[in-house]
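What follows is one structure encoded as structure tokens, with my remarks underneath.
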Amino acid sequence: MTSDTRIPAAEITGAQGALIRFAARRMVGRVPDSLGVLWHHRGVMKDSMGIGRKIEGWHELDASLATFAAMAAAATIGCSFCLDFNYFMSRDRDVEAAKVRDVPRWRESTLFTPLERRVMEYAEAASQTPPAVTDQLSAALLEDLGPAGLVELAARVAFMNMSARMNIALGIRSEHFADACGLPPLAARPAVGASA
1 MTSDTRIPAA
11 EITGAQGALI
21 RFAARRMVGR
31 VPDSLGVLWH
41 HRGVMKDSMG
51 IGRKIEGWHE
61 LDASLATFAA
71 MAAAATIGCS
81 FCLDFNYFMS
91 RDRDVEAAKV
101 RDVPRWREST
111 LFTPLERRVM
121 EYAEAASQTP
131 PAVTDQLSAA
141 LLEDLGPAGL
151 VELAARVAFM
161 NMSARMNIAL
171 GIRSEHFADA
181 CGLPPLAARP
191 AVGASA
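Counting from 1, one number per residue, gives the positions in the sequence shown under the working numbering.
And the structure:
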């Protein structure tokens, strides 16, 4: 993967590097190549990872809705790293694997509830440039999730937008975490303009 990134990965060294490598191995079983790219600016790496850890502590959305929102935003933006990583992490979140696998093609899938569909529609709309969230969709989700849940949904999607756009800009792509643990491949996202 490092040969495809726009910035060559640096060697992760020193005491802080040892902690980062240990945490990565504990979380995903190895040190992702993408960490070497972010190692060039440790403040960005540390703060991004810190925000990500804090987001994992939010619980106004259940784990399924949070996962679907993040993955729908990542699919909209086109971040293969984000899709793969969230698919891999969903194993530990007790999210139904068949649904997670179908997120990239959620509009064509019959697996999702109306609420799950609204959450993914919101994630897609918020990930457009400019954002395309409607008052009608927001009102429906406000009723479904309550004010705190809707704020959390917007924040999770915004963080995924930051992460996904940074990864794409740096040339960081899927590291095949899901393949390594035997998950079936993610469903392919339909081409823009393709009929269902």
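Glycine residues also receive a C-beta, built at the ideal position from the N, C-alpha and C atoms.
Asked: Would you mind reading off the limits of the alpha helix (DSSP H) that contains Val37?; Found: 33-38
Asked: Please determine, among Thr13, Glu152, Val157, Ala169, the residue with the shortest C-alpha to C-alpha distance to Thr76.; Found: Val157
Asked: Taking Leu183 as the reference, give the member of Ala24, Trp58, Arg101, Ser163 with the closest Cα.; Found: Arg101
Asked: Leu65 and Glu116 - do their beta-carbons sit closer together than 8 Å?; Found: yes
Asked: Could you have a look at Leu115 and say whether DSSP puts it in helix, strand or coil?; Found: helix
Asked: Please state if the CB of Glu108 and the CB of Pro190 are separated by a distance shorter than 8 Å.; Found: yes
Asked: Please report the Cβ distance between Ala9 and Val37, rounded to the nearest whole angstrom; I am assuming they are in contact, meaning their Cβ atoms lie under 8 Å.; Found: 5 Å
Asked: Arg189 by DSSP, collapsed to three states: which one?; Found: coil
Asked: Looking at the secondary structure, which residues open and close the alpha helix (DSSP H) in which Leu199 lies?; Found: The requested residue 199 does not occur in the structure, where the chain is confined to residues 1 to 196.
Asked: What does a CB cutoff of less than 7 Å around Thr2 pick up in its chain, not counting 5 residues either side in sequence?; Found: Any reading at Thr2 needs caution, since the residue's pLDDT is 39, under 50, leaving its predicted position unreliable; the model's value is listed next. Within the same chain, Thr2 has close Cβ partners Pro8, Ala9, Asp33, Gly36.
Asked: Please state the DSSP three-state secondary structure of Pro104.; Found: helix
Asked: Please state the DSSP three-state secondary structure of Glu60.; Found: coil
Asked: Mind checking Arg25: buried by the 16 CB within 10 Å criterion, or exposed?; Found: exposed
Asked: Keeping to the same chain, check which residues put their C-beta closer than 7 Å to that of Ala148; ignore five residues upstream and five downstream.; Found: Glu60
Asked: Nearest by alpha-carbon distance to Ser90: which of Arg105, Thr110, Thr67 is it?; Found: Thr67
Asked: Identify, in the order they occur along the chain, each residue of the same chain with its Cβ nearer than 7 Å to the Cβ of Glu175, setting aside the five sequence neighbours on each side.; Found: Met1, Pro32, Asp33, Ser34, Phe81, Asp84
Asked: Would you tell me roughly how many angstroms separate the C-alpha atoms of Asp92 and Val28, rounded to the nearest one?; Found: 11 Å
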